[in-house]
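Residues in the sequence shown are numbered from 160 upward in steps of one, following our numbering.
Cβ atoms here follow ideal geometry from the backbone N, Cα and C, with glycine treated the same way.
Okay, structure first, notes after.
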Amino acid sequence: MSTLAVRDLVAGYGAVRVLTGVSLDLTGGEIVVVLGANGAGKTTLLRAISGMLSVQGSVTLNGDEVTGRRPEQLVRLGVAHVPQGRGTFNDLTVEENLRVGGFTRSAADVTVDADRWLDLFPRLRERREQRAGSMSGGEQQMLAIARALMSRPSLLLLDEPSLGLAPLVTADV
């Protein structure tokens with residue numbers, strides 16, 4: 160069974176269709192990259208899968224129909240989306256951002272997982288009490304990924320994870 164199955168997906172913005180008839184299957188443990196020119200619909204595809212856009216067609220997650228579900232419902236079902244442009248809560252600290260990412264879980268699990276991701280990204284541990292908006296782009300990207308992982312997703316969607324980062328910083332992220 161596919162972790163994610165998309166069938167005949169149609170999505171866009173207002174009257175403008177960006178995706179028409181997209182179908183794909185992803186199995187757990189796979190790393191899949193969607194390539195295309197600017198404006199080809201990569202971001203629209205991720206937004207559609209994560210419930211940020213109204214769609215036609217079918218999206219199933221672990222065999223369950225999830226088409227039309229709201230983003231927070233999809234997070235509870237195991238979908239995490241790191242949008243293009245980082246998407247951290249700039250007025251919150253690193254630790255607060257991580258706790259927000261674990262909103263679906265118990266306080267004890269959130270504490271354990273926050274430590275886990277702070278170990279993976281030691282720079283975030285150093286900046287634990289710092290507001291996200293005052294960190295570098297690479298640090299914010301690390302935080303956005305760690306925050307998404309706090310929900311323990313079965314499907315992680317990363318939109319342009321290296322956008323705007325120096326090549327040396329990309330290796331850290």
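So, using beta-carbon positions, are residue i and residue j closer together than 9 angstroms?
i: Leu322; j: Gln243; result: yes
i: Val238; j: Ile190; result: no
i: Val253; j: Gln289; result: yes
i: Thr186; j: Ser217; result: no
i: Ala291; j: Thr263; result: no
Taking DSSP as the reference, what is the three-state secondary structure of residue i?
i: Asp278; result: helix
i: Val177; result: strand
i: Val169; result: strand
i: Val214; result: strand
i: Thr247; result: coil
i: Thr202; result: helix
i: Ile339; result: Here the chain has residues from 160 to 332 only, and residue 339 is not among them.
i: Gly261; result: coil
i: Leu194; result: coil
i: Pro341; result: One cannot answer for residue 341 here, as it falls past the ends of the chain, which runs 160 to 332.
Kindly identify the DSSP beta-bridge partner or partners of residue i.
i: Leu163; result: Leu185, Leu220
i: Ala239; result: Leu315
i: Thr270; result: For Thr270, which the question treats as bridged, DSSP gives no partner whatsoever.
i: Thr252; result: Arg290
Every unbroken alpha helix (DSSP H) within the segment 275-315, with a cutoff of 4 residues, ordered by chain: Within the segment 275-315, the alpha helix (DSSP H) runs of at least 4 residues that lie entirely inside it are, in chain order, 281-285, 296-308.
Within 8 angstroms, do at least three Cβ pairs link the segment 220-227 to the segment 259-269? no
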